[in-house]
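What follows is a single structure, written as structure tokens, with notes after it.
Numbering (mature numbering (1 follows the signal peptide of the UniProt record, and there is no 0)), first residue to last: -22 to -1, 1 to 506.
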């Protein structure tokens, strides 16, 4: 008696357990092999509503082109083993199975169905990825599956996405009350996908119910306002990122131009030296320290600085030193040096761009809201630019070298009279400016192509920053770089890149006409 009771209990528990699910309907599975695509789509949607492992097994096999028709039976055949698609039982390997055709329409339905079925996976990351995928393609046919997944979901982030997907699926519901509830649920969203889904409901020809249509119009207006705000915030962030690059590029130029009055047309190529330094260090890490490849970028910082600084010393000692006070000759000579550096890069590294990859800790981004993601590489570059600016400020204001540089900038002859070694200060200032440009190239390598001609596009922008900010003024360089970066990106969003560039140049010309000394003018006897 006890044995019978135990057996009965075991059978009852097994029958109630998730493992004891019923096999798929053979007729429904057979419909997957129908010639008409509409019948296949109908079968896929009905199988999806089972929301069990059998449904995943069959639909995944169909997506992988492993579903065949053999003697009026649909089988799963991976090339070695064969299973009955409906029951999952092993069967004899078919001799000449007939392939079930899966066109693009069917593949889209399968992807949608598998994403919905993945909502029941034990792994939260898989459920989250599926919920995110369903934001872009969801149909009313999977509403029951979404409702079931929503009732079982415990993760807050996944649940919020499921609510949005469930509401989007209900936008096609035949019941106006269900559509109205869906519109109201979506009115607080900030996604362009949701706005696109709501737009058809604002048309009287497509939405006969006035309440639903007016609610959709209000929701679209609300979402559009939030999207416009996030787009502007994204442009401002892009402007800060561009401004930080311009700051690193122009910071060294502000020092050399302020101290020596040298128009260095090879300054852009010093950016290129820093970028190629990052590539060289990355190559060394890949060859000798592959396990530490994520840390090649910090190791490249001193290499980029000293490589560019060394080239700057050579340029100053061999060419520029003999041309002080001769602006035209200096401009032509430094332009010639830029050509030499470009050709040297082509000889050493080749004429094609080289690949400098982001470390894993600079990949991805911070998602503030669904329509605004701040990339980590640009966030880190902004922080790096501020760090370099802080170091330069400390060097210029708290050290003996900085005092000498400021003295030479303000009055070279008087500084020489009181014992300042002006020639040596010129060399050190030029090396410092070149090294900072190398750091700018290092940062630029993480967001731009690295090639021999990469620096040519930044020399004009660098001089614009220096002139607008004020010659030799760090504060002016900061304000000018960030201001021009943000102004450019905001204009690009409204008028396009070409018009924005023209508008910025016109603004700078007018600004210089009104204030030739820049934002921050030098004070004291230097103005005499």
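Don't be surprised by glycine CBs; every beta carbon is placed ideally from N, CA and C.
Quantities reported herein were computed from a predicted structural model and do not represent experimental measurements.
Just the C-alpha distance for residue i and residue j, rounded to the nearest angstrom, thanks.
{"i": "residue 307", "j": "residue 293", "result": "14 angstroms"}
{"i": "residue 285", "j": "residue 333", "result": "20 angstroms"}
{"i": "residue 276", "j": "residue 262", "result": "13 angstroms"}
{"i": "residue 351", "j": "residue 208", "result": "10 angstroms"}
{"i": "residue 468", "j": "residue 245", "result": "27 angstroms"}
{"i": "residue 132", "j": "residue 456", "result": "48 angstroms"}
{"i": "residue -2", "j": "residue 129", "result": "Confidence at residue -2 is low in this model, with a pLDDT of 44, below 50, so its placement is unreliable and no value can be given for it."}
{"i": "residue 356", "j": "residue 30", "result": "43 angstroms"}
{"i": "residue 146", "j": "residue 202", "result": "17 angstroms"}
{"i": "residue 402", "j": "residue 346", "result": "50 angstroms"}
{"i": "residue 6", "j": "residue 33", "result": "11 angstroms"}
{"i": "residue 329", "j": "residue 264", "result": "22 angstroms"}
{"i": "residue 101", "j": "residue 37", "result": "20 angstroms"}
{"i": "residue 247", "j": "residue 15", "result": "60 angstroms"}
{"i": "residue 486", "j": "residue 224", "result": "15 angstroms"}
{"i": "residue 257", "j": "residue 86", "result": "41 angstroms"}
{"i": "residue 220", "j": "residue 395", "result": "42 angstroms"}
{"i": "residue 411", "j": "residue 271", "result": "29 angstroms"}
{"i": "residue 492", "j": "residue 435", "result": "27 angstroms"}
Please state whether DSSP places residue i in a helix, a strand or coil.
{"i": "residue 91", "result": "helix"}
{"i": "residue 71", "result": "coil"}
{"i": "residue 101", "result": "coil"}
{"i": "residue -10", "result": "In this prediction, residue -10 scores a pLDDT of 35, lower than 50, which makes its location untrustworthy; the coordinate-derived value is nonetheless stated afterwards. It is helical."}
{"i": "residue 58", "result": "coil"}
{"i": "residue 25", "result": "helix"}
{"i": "residue 276", "result": "helix"}
{"i": "residue 259", "result": "helix"}
{"i": "residue 114", "result": "coil"}
{"i": "residue 131", "result": "coil"}
{"i": "residue 2", "result": "coil"}
{"i": "residue 485", "result": "helix"}
{"i": "residue 51", "result": "strand"}
{"i": "residue 76", "result": "strand"}
{"i": "residue 268", "result": "helix"}
{"i": "residue 428", "result": "strand"}
Under 8 angstroms by Cβ, that's how I've got residue i and residue j pegged, so tell me the actual separation to the nearest angstrom.
{"i": "residue 460", "j": "residue 92", "result": "Actually they are not in contact, since the Cβ atoms of residue 460 and residue 92 sit about 47 angstroms apart, beyond 8 angstroms."}
{"i": "residue 254", "j": "residue 366", "result": "Not a contact, Cβ separation roughly 19 angstroms."}
{"i": "residue 398", "j": "residue 408", "result": "Rounded, the Cβ-Cβ distance is 16 angstroms, inconsistent with contact."}
{"i": "residue 127", "j": "residue 140", "result": "6 angstroms"}
{"i": "residue 497", "j": "residue 438", "result": "Incorrect: roughly 19 angstroms between the Cβ atoms, too far for contact."}
{"i": "residue 354", "j": "residue 343", "result": "6 angstroms"}
{"i": "residue 452", "j": "residue 374", "result": "7 angstroms"}
{"i": "residue 59", "j": "residue 68", "result": "7 angstroms"}
Taking Cβ positions, are residue i and residue j nearer each other than 7 angstroms?
{"i": "residue 61", "j": "residue 52", "result": "no"}
{"i": "residue 39", "j": "residue 45", "result": "yes"}
{"i": "residue 105", "j": "residue 97", "result": "yes"}
{"i": "residue 116", "j": "residue 143", "result": "yes"}
{"i": "residue 390", "j": "residue 405", "result": "no"}
{"i": "residue 250", "j": "residue 419", "result": "yes"}
{"i": "residue 372", "j": "residue 228", "result": "no"}
{"i": "residue 313", "j": "residue 392", "result": "no"}
{"i": "residue 213", "j": "residue 168", "result": "no"}
{"i": "residue 416", "j": "residue 282", "result": "yes"}
{"i": "residue 311", "j": "residue 301", "result": "yes"}
{"i": "residue 463", "j": "residue 454", "result": "no"}
{"i": "residue 194", "j": "residue 180", "result": "yes"}
{"i": "residue 4", "j": "residue 64", "result": "yes"}
{"i": "residue 176", "j": "residue 152", "result": "no"}
Which parts of the segment 297 to 349 are runs of the alpha helix (DSSP H), unbroken and 4 residues or longer, counting only runs that do not cross its ends? 305 to 327
With a floor of 4 residues, list each alpha helix (DSSP H) that falls wholly inside the segment 166 to 212, ordered by position along the chain. 170 to 176
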